[in-house]
Amino acid sequence: ISAVNSACTGRVRRWAGFPAGRRYATLEGRPVIPLAQTSPPFWRFNWASNQLFLSTLHLKEENVRHYVAALREARIEALEAFPTSAYVLARLLEQKNEHLPLTCVFTTGEPLLPAEREVIEERFRCRVFDSYGQAERVMYTSECEKHDGHHVFEEYGISELLDDEDRPTIPETPGRVVATGLHNLAMPLIRYDFGDTATASTRTCACGRTLPLLDGYVTRADDILVMPDGRLLPPLMVMRGFECVPGVGRTQIVQREPSEITARMTLDGVLLPEHIAALRDYFSRRLGPDVAVRIEVVDEIPLSSRGKYRRVISTLPLPWGQKMEANLHEDDPVE
């Protein structure tokens, strides 16, 4: 499955005019260096792949000059990142009145908002190529050089768009995405429903490729976490913390203050002291020891008024220099 995934990623890069072997940087969720490290380097270079791994955990205003210097010194030509990670870096460049020209930026893992795309493309002086898939590896889609929707990679998996009665939707009507992966021979997932929606297009892309086209997709929308020391963390950095708890159902992180988060979960079982200790250890390694963690087991985690299941909610504004802006996904007030 990893080889097939790499082949699909290679296809997207060819569409972007970025062939294999060129130098690129990765700004995603890997713990590249220890959180306690306070001085550069905040990165590691993977010589086998010409890849610069950047730490997402250390991205803040006072460190951005080090990131820029490293990217320039390594002669990086492209960036792959979570949309929120690329957006934070772009906004920090904006604060410094800096541009960092690249060949292209590849985003995946979260919804790419139009406002995020605009800032990323302006600061990096290039186009963004957005892809969409799941960690379960059942579906893969991506923009091509025309940026007119997402092509569905049919060799990767069989995807369906269904209505509330599990009937196929007609084109240009939003439907629930259900997909069957074709390459996971160890644990096949058949008609896997992961809660996202998409809209099939009747158009043929101007690029000439005949892969089906999605006009848009809606996946989980989550906020950026604001840390006491000024770091801005993408939501995917904390979502896996609950995996240490057997029987966990829905989960949610809520932040009202920089120095505290509330970790909520539904649970089919008992939360034991060792589970609590593992949760606190995980969040301490991601957020830092100055952030208190409240752990709550709840009967349910309701959807928002728009029907979204939000896994990370922050009521804190995003600080861009002297300017404060609302977080990415304003929605219902948090109880």
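Take the sequence shown: its letters are residues 1007 to 1341, numbered as in my numbering.
The beta-carbon is built from N, C-alpha and C at its ideal position, and this holds for glycine as well.
Any non-hydrogen atom of the ligand FAD closer than 6 Å to residue i Cβ
i, result
"Phe1048", "Among the components of this structure there are no ligands whatsoever, and the ligand FAD is therefore not found."
Exposure label - residue i; buried when at least 16 CB within 10 Å
i, result
"Glu1306", "exposed"
"Leu1191", "exposed"
"Gly1201", "exposed"
"Thr1208", "exposed"
"Leu1065", "buried"
"Ile1126", "buried"
"Met1145", "buried"
"Glu1122", "buried"
"Ile1267", "buried"
"Ser1008", "exposed"
"Arg1270", "buried"
DSSP-derived helix/strand/coil call for residue i
i, result
"Asn1011", "helix"
"Gly1201", "strand"
"Trp1021", "helix"
"Asp1136", "strand"
"Ser1265", "coil"
"Ala1026", "coil"
"Leu1095", "helix"
"Pro1325", "strand"
"Pro1339", "Low per-residue confidence applies at Pro1339: pLDDT is 47, beneath 50, and the placement is therefore not dependable enough to give any value."
"Ser1045", "coil"
"Ser1290", "helix"
"Met1271", "strand"
"Phe1130", "helix"
"Ile1282", "helix"
Same chain, Cβ closer than 7 Å to residue i, five either side skipped, listed in chain order
i, result
"Leu1322", "Val1232, Gln1261, Pro1264, Asn1333"
"Pro1339", "Caution is warranted here: a pLDDT of 47 is assigned to Pro1339, below 50, making its placement in the model unreliable, and the coordinate value is therefore given only provisionally. Cβ neighbours of Pro1339 beyond the five flanking positions: none."
"Glu1104", "Val1074"
Cβ-based neighbour list, residue i, same chain, cut-off 8 Å, excluding 5 preceding and 5 following
i, result
"Leu1108", "Ile1082, Glu1083, Ala1084, Leu1085, Phe1130, Arg1131, Cys1132"
"Pro1241", "Thr1090, Glu1116, Asp1228, Asp1229, Ile1230, Leu1231, Ile1259, Arg1317, Val1318"
"Gln1057", "Arg1029, Tyr1030, Ala1031, Thr1032, Phe1051"
Contacting residues, own chain, Cβ-Cβ under 6 Å from residue i (five flanking each side not counted)
i, result
"Val1183", "Asp1202, Ala1204"
"Thr1114", "Ser1137"
Spatially closest choice to residue i from the options, by CA coordinates
i, options, result
"Thr1216", "Phe1159, Gly1181, Thr1257", "Phe1159"
"Glu1079", "Arg1050, Arg1097, Ile1196, Pro1194", "Arg1050"
"Phe1048", "Asn1056, Arg1291, Ile1039", "Ile1039"
"Ser1320", "Val1244, Asp1169, Cys1150, Ser1045", "Val1244"
"Val1111", "Gly1247, Arg1020, Ser1008", "Arg1020"
"Gly1187", "Pro1180, Asp1199, Thr1179", "Asp1199"
"Pro1218", "Arg1246, Gly1255, Leu1119, Ser1165", "Ser1165"
"Gly1236", "Thr1015, Trp1326, Phe1135", "Trp1326"
"Leu1273", "Gly1255, Leu1285, Glu1100, Asp1287", "Gly1255"
"Leu1293", "Cys1014, Thr1062, Trp1053", "Thr1062"
Worksheet item: Counting Cβ pairs closer than 8 Å, one from the segment 1251-1264 and one from the segment 1229-1240, do we hit at least three?
Response: Counting Cβ pairs under 8 Å, three or more are found: they touch.
Item to complete: For the segment 1138-1146 and the segment 1087-1107, state whether three or more C-beta atom pairs, one from each stretch, are separated by less than 8 Å.
Response: No: fewer than three Cβ pairs fall under 8 Å.
Worksheet item: Is there contact here, the segment 1168-1183 with the segment 1146-1156, by at least three beta-carbon pairs under 8 Å?
Response: The segment 1168-1183 and the segment 1146-1156 do not touch, with fewer than 3 CB-CB distances between them shorter than 8 Å.
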